[in-house]
Structures are given as C-alpha cells and as structure tokens.
Amino acid sequence: MSIYDTLNREQKEAVITTEGPLLLLAGAGSGKTRVLTHRIAYLIDECGVSPWNILAITFTNKAAGEMRERVDKLIGAEAAHVWVSTFHSLCVRILRRHIDLLGYDADFTIYDTDDQKNVIKAVCKRLNIDTKTYKEKELIREISSAKNELIDVSGYELSAIGDRNRCVYASVYREYQETLRKNNALDFDDLLVKTVELFRAKQEVLNIYQERFQYIHVDEYQDTNTVQFELVHLLAGRYRNLCVVGDDDQSIYKFRGANIRNILDFEHYFPEARVIKLEQNYRSTQTILDAANAVICNNTARKEKSLWTAKGKGDKVRLCQFDSAFEEADFIAEEIQRKVRKGDSYRDFAVLYRTNAQSRLLEEKMIMRGLPYTVVGGTNFYARAEIKDILAYLKTIDNGRDEVAIRRIINIPKRGIGAATLEKLEDFAELRECSLFEAMERADEISGLGKSSAKIRSFVALIRNFRKKALTMTVAELISDVVQSVEYEAYLQDNDPDSADDRLENVDELITKAVVYAETHEEVTLTDFLAEVALVADIDKVEDEDDRVLLMTLHSAKGLEFPQVYLAGMEEGLFPSQMVLFSTDPTELEEERRLAYVGITRAKDQLTLTYARSRMTRGETRYSAISRFVREIPQELLSDESGGTKREDKFFRALKDSDPFGDLTGSFSGSGARGGQADGLYRYREHSEDKQPASGGKPKAFVRRKATAQADKPFITQGIGALNLVAGISKGTQGIQDYVPQFGVGDRVSHTKFGEGEVKAMERVNKDYKVTVDFDQFGTKIMYASFAKLKRV
DNA sequence: CCTACTACGCTTTTT
DNA sequence: GCGTAGTAGG
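Numbering (our numbering), first residue to last: 31 to 823.
Now the structure itself:
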C-alpha cells in the first residue's frame, strides 16, 4: 500500500508524468492540490530528485502554506528544502540577492496601492496634470496593466505617439517609475517585472535559477498574467519540466491582467506538452455540479470538460426571493442560526457575494442574532491608517530614501511641520539632487524655515535614534519603542477618541505579528519583516479552526469549500455587475459567468441562491431582475424555499418568462446614455431632498457591536450589555472579531503562543476586556481579549 | 499651521 | 450612505 493508491487513474498519471511540460486541467474540487503534493513526493521518493530542485508557485500565502503543510506531512523533514512560494515572495527573494545589478539597493521597500496613489499624486502635481481629468486610479491601472504586459516606459512612449491621452499617461509612467527608483521602492508589479528584467539582462543569474529549479509547478495557472507567464517560461527554459495546474473555467482575474490564453494556448507554447484532465469531483453533489455545468457551458472560450461525481444527487439548489436585501440578509442569518441549533457548525456555512459592500447588511444581521462570523477582505489589516503609520516609521528607519513613508509620518503625530515647510524641503532636495531625508538633515542650509528648522532637527534626531536602536532591538521592541517615543497613543486619543482603543489594539496586533514572525523565521531583519507584511493578503489570515460563518466575495472564495453555501445578491446589475452588462466586450460577461461557476462549485452539500427585488446601493433603492446565471440553471435542479415568503408563482413565472429581464425591471436600453433610468433599472430617491442638517455631530452610524456569542447563549448573558451595541468599529476598520470571553477569573485558558495558564484578573476597558493570565511557561501577561484568542480549556 | 465643513465620488473583483 | 479630499476660516 503506497500513498499513491488513493489517487484515481488520471491523478496517478499526472503524478508520474514528471518529465516535460504537463498541463493539468483540474476542474473544481478534483483534488489538484493532492496531485501536486503527491507529485512532489513522487519526485523525491521515487525519482531521486533533490527537494532543493523543486519549486511550487501559488498565488496566495494561504495556498502556499497549505501546500507546504501537506508536503511536509507526506514526505517529512526533507520537504523543507522544496521551495513553495507565491509569485511575489519568490521574486522578492530573488531580487534581494541580485537587484543591485539593476541599480537598486537590496533593501528596497515595497509599495502597496496606497503608496502608489501618493506617488501618483505627487507626480501629477509635479507635471501639472489635472487629477480631475486624469484620475489617479485610472493612472495606476494603466501603469499596472502596462507592467503586466511587460511594456516598459520607452515601449509605452513609442506606442503612445500620436495619442494625446496616452502621451500624458506615458509621461506619468516615466515620472512614476523614476520616483520609485529614487525612493528605492518597487510596487507589486515591479517585483515580477524586475525579476524578468533581471533574468533577461543577466544570463548568469538566470542560469543559477534554471539549474536550481529543475521541476517547476504552478498552481492556479489560469490566473497568470503575461509577466508571470514570462517568468515561468524563463525559469523552465532549460529543463522544461513544467507542470501547470489550472481550470480555465475558474479564471476570474482578468482585471488584474490574468491572461486566459496562457492556459488555453499552453500546448501552443509547449508543443510537446501532455494534457491530463481531472474531471472527477470529490466535493459536491451531482445536483450542484449539474447546476455549475449548466451555467458554465454558456461560455464559448473554454476547454470542453464535464465534471462528475460519485456522490449522490443530493438536495436541490434552493432559490429564495425577497422583497429587499434587508430580508435577504435576515433570512440567511436566521436560517444559519436555526441550523446551528439543530447541530450544524458555524464553520459549515459561507455566504458569498459579488461586492464587498454587500457584507454590511449581512454583518448586521449576524450581529443581531449573535452569530460568530468573519468577513474576509475589505480593508486589509495592513492598509489601516494606524498600521501604515507605524510601518511608515519602520520604513523610514529601514530605508531613508522612501519618501512616501517620510511624508506620511513627518507630521504624525503633529510636530508643526506643515505643507509649507515640506515644500521648502522638497525644493531643496530637488535642487541639490538629494533625498528628502538628506534635505532635512541639512535643514540649517535652507533659508526661510524659521522656527520649523528646530522641529526638523528634532525629527531627524528621532529617526537617527531609532536607527541606532534598530541595530540591537527586535522588530517588536522597535515598534513598541516607536509607539512610546512618539506618543502615538495620545495622538490616537486626540484624533478620534472613539476609535483610539480599536486602533491601539491593531498596533498591538502588529507587535504580536512581529513576535510571531521572529519566532518562525531565522535572523529576522527589519527589511524582511516589512516585505512579509507588504505581501500578506486578507484570505491568508483565515484560520480554519475557528468555528465561524465566513462572509466573503466570490473572488476570495476561490479554492475554498463549504458544506453549505449561500450566494447572495443574484441580481442583474449586481451579479453580473452593471459594468459588465454595459461593456461592449462579451468576454467580460464570460468572466462574470466563471465567477458564478466558482461560487456554485464551492458548495459541497447544499447551495442556496438568494435574490432581493430591491436593494439600497449608494443611497438609492434599485430594483432589479433575477440574475441570468440563475436562469441558466435548469428548473428541475431548483426548488423554491423562500422561507415563508410565498412567491413561487410569480417567481417561477419570472424565471420562465421569455423576456430576459422578466417582469420585474423596466426598459433596458443599452443606448449608452448615463444616469437616470437609461441604464435599464428603475431608480428613485428613497430620501426626501431636505435632509436633516448634520448638526449633532456624526450621522447615525451603523450600529455595530464588536462581539458575538454562541447561539444558545445570547450575548447579553455573556456580560456584554446592550450598551455595547454602540458603534465600536470606526472608519477604515473592518473585520469584526469575536472576543466575548468565554471564561472568567480562575478559569484555565490557552493561548496560541504562550500555551496554557490561569486567568488572574479581568477588567472591562471600553468595549474590550483586559485579561491578566498567569501562563505556566511564560509567566504573567496582560492582554486584550479581542485579539489574544484565548480559549477556555 | 490646524480645524471644521463641504463636496464629491464611489462600488466589481486584489496579489 | 459613507469616507475622503480639498478648502476656507480661525
């Protein structure tokens, strides 16, 4: 009995086809990760390949982590030498070693979208470009797609000749790229582009990695873009042992430059390629698969395949219609609550939706019923203002050339260095061709600074002092020191007392992350930590052990599976989105349909499609027809269980209706006219024009409670009183976490890092608990319940 | 230089 | 409806 006996015939074949290019068309739930991990095991155990020579590339850290774990389990300690990595972190590792050959320093910083926007803003100002006509977002997108297509500045300029608009883009692209270089920074796209540049320019470097990575695996190949394709192509150029795994039906990242042709034309690029299809699905019931197949077969650009399962038919796909999104959300929360009472677990459920904005209503209803849930996505932890502030300090300490970072913190907390002073510094820096920080160091050479001069001096001294400390302190200690030295807590309190506690917790969590990072990595440098932090996605942090309902976008859900799935907001104009409906490019609708396919195939046992006839979007109530994707599912696979709202007749009439938009929406004119009713959907203003004056401070914020409770123990009895319903989560933050302590003084609790201990004291601090725990091994620690994830034992 | 108010734009998806 | 960015006034 070997580990390979559990594989089916196609899977086995994929595992033993180790030499040459291999395209693995792996349908949803067909066990592709199993195949990949077994293939790696086979290479090592049966073919005598050194783990050192194996590379596996994924898109997310989470996927990389999972694969790493499974490979470890399969082959043990040796697996540590297999390189399992995301595209971006692979590139970071390579660039840290060789980027000096391209004229950057090895300690380059990585810019996220927020940083990019700041650079673009400064660039536009410098070039006198009106950001009203040329939107920053638009500019970023244009530059990003150019990079994804491996078009460099000169290439872009060439292609822009004769086109005024594109000439403006070209000038921004050039200036942007020069700014990044000056700041010794790379954006996400650069990480890939520069690696390709490096390989193309330096054959000797490419040789190293071609020799190193003799067997290359790429997961989610359908989502690769041109740069990634080129990167893989270059790496596999010598040995051509390239195994790519993907499903063209799950290609959903075109907006990010993913090129579906990479998978569709694989055999064209590699004529000697073997192609193996994995069509047996181990996840879903036949009914769910039939529904998925029925939807996806409306697409034209795809490789023919058909999923089947040995599982039975299972329940029908349920359709639930509601009058409003409010009722829809309430139904979902109510039903989950009911099912959990009957014995299901929270973690059995996922609610998937098209846009992040939809999470709001759902969250509210979950809170009202006390269901523990996690929202994946939305604002990334590392994109929060307080985290970015601290990271900007670290970046300034680490890389003095990072102007974006300096500008962010130069006056945070307020130290009297305002726009005017900053401008003088910048002028000086430009004149003397030095960095902004150098200009600050030479502040006494700049005339007209007046009192600011002393303030700048003390800022410079502050940063220098941090740099000195950074040599001996751990990252975590350095963060604490920064927070204390600049009196960041007081700054948060002054700025917005309501959110200060939450924000401080986030800062504490950052410290925790630094500690964990140091524990799990050897010889941690500040540079490493900052890079790690820059490349973390939200989905990476979802912990499987947590028993909570997951709310997320369809995009985030890819690769996951749940016994029971709700697809909410199945409406024309929402899903498929309006943008797509108005696009002249029919492939966009196909991408949207693939998204539907991804959503449907997440469900193992039960799939529920919900649809609201009216929905508030951007302050307007919109009425829409049922999604065409629902209509593409054969009626015999559906059952209407609207949970009490008896509307079957009308509902099915709408479904059967030959008018593609049913009787529920108004005229649909694709005339291209904007606004009003011309987009085919009835709209009207819900609110009277004479709004209440915004006196009395803030508009009534959504009532959010940063707590949940077990369904059978309502939160009130947990000691979190009704007062806590008052808005806890403030601007910019999201991701409501469960922290109702399920323990009290005297209880034994366990902590992920510190092990077990006894609760010595608990103190209410605003919306949180400060818990004092005496740990068996680590002594007494005081921590906030909200993020310590203490569990009673 | 900082604060408070207004106006705008946003919502498709994110490594 | 909400958050951000920009502007006017202190």
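Ideal Cβ placement from N, Cα and C applies to all residues, glycine included.
Just so we're clear, the structure is a prediction, and the values are computed from it rather than from any experiment.
Any idea what DSSP makes of residue i, helix, strand or coil?
i      : result
HIS551 : coil
CYS273 : strand
ARG313 : coil
ASN213 : coil
GLN244 : coil
LYS481 : coil
SER607 : strand
ILE447 : coil
THR161 : coil
ALA288 : strand
VAL513 : helix
VAL733 : A caution first: VAL733 carries a pLDDT of 25, below 50, which makes its placement in the model too unreliable to give a value.
GLU535 : helix
LEU55  : strand
ASN386 : helix
THR542 : helix
SER174 : helix
PHE805 : strand
LYS335 : coil
Hey, residue i and residue j: beta-carbon distance below 8 Å or not?
i      : j      : result
GLU885 : LEU611 : Here the chain covers residues 31 to 823 and nothing more, so residue 885 does not appear.
LYS212 : ARG431 : yes
ALA321 : ILE46  : no
ILE306 : LEU54  : yes
LYS333 : ASP278 : yes
SER314 : THR330 : no
ARG100 : THR67  : yes
PRO402 : VAL579 : yes
GLU166 : ILE150 : yes
LEU131 : ILE33  : no
TYR206 : TYR186 : no
ALA58  : LEU337 : yes
GLU416 : ARG533 : yes
ALA86  : VAL112 : yes
LYS444 : ILE476 : no
Let me make sure I understand the geometry here. Which of the options has the alpha-carbon closest to that of residue i?
i      : options                        : result
ILE140 : ALA152, ARG126, GLY133, ILE84  : ARG126
PHE379 : ASN328, TYR521, GLU365, LYS346 : GLU365
GLU263 : PHE285, TYR299, ASP249, ARG242 : Residue identity differs from the one stated: residue 263 is His in this sequence, not Glu. Taking only the C-alpha atoms, the option nearest HIS263 is TYR299.
VAL325 : ASP144, GLN665, GLU227, VAL789 : GLN665
VAL490 : HIS128, ILE447, LEU222         : ILE447
ARG384 : GLN594, HIS128, LEU639         : LEU639
LEU52  : ARG171, LEU169, HIS247         : HIS247
LEU319 : ASP295, GLY344, SER613, ASN328 : GLY344
ASN292 : LYS444, ILE417, GLN258, ASP353 : GLN258
ARG171 : ASP193, ARG194, GLN146, VAL153 : GLN146
LEU424 : ARG371, ILE493, ALA449         : ILE493
For the alpha helix (DSSP H) containing residue i, list its first residue and its last residue.
i      : result
SER354 : It is not in any alpha helix (DSSP H) - SER354 instead sits in the beta strand (DSSP E) that spans 347-354.
GLN146 : 143-156
MET398 : 389-399
GLU621 : 616-630
VAL65  : 62-75
ASP577 : Neither: ASP577 is in no alpha helix (DSSP H) and is coded neither H nor E.
Identify, in the order they occur along the chain, each residue of the same chain with its Cβ nearer than 8 Å to the Cβ of residue i, setting aside the five sequence neighbours on each side.
i      : result
ALA500 : ILE427, ASP428, LEU508, LEU556
ARG704 : With a pLDDT of 28 at ARG704, under the threshold of 50, the predicted position of this residue should be treated as unreliable, and no value is reported.
SER510 : ILE541
Between residue i and the rest of its own chain, which residues show a CB-CB distance below 6 Å, the 5 nearest in sequence each way excluded?
i      : result
ASP622 : The sequence as given places Glu at residue 622; Asp does not occur at that position. Within the same chain, GLU622 has close Cβ partners PRO606, VAL610.
LYS395 : ALA359, ASP360, ALA363
CYS197 : ALA190
LYS62  : ALA56, VAL275
TYR312 : GLY59, GLY61
Over what stretch of residues does the beta strand (DSSP E) that includes residue i continue unbroken?
i      : result
PRO593 : 592-597
MET646 : 633-647
ILE87  : 84-88
PHE559 : Here PHE559 belongs to no beta strand (DSSP E); instead the alpha helix (DSSP H) covers 556-564.
PHE117 : No beta strand (DSSP E) holds PHE117; the alpha helix (DSSP H) holding it covers 117-128.
ALA380 : 379-383
LYS588 : Segment: none, LYS588 is in no beta strand (DSSP E) and carries neither H nor E.
TYR653 : 650-653
Leaving aside the five residues before and after residue i along the sequence, list all residues of the same chain whose C-beta is less than 7 Å from its C-beta, in chain order.
i      : result
GLU49  : ASN271
LEU265 : TYR239, GLN240, PHE243, ILE246
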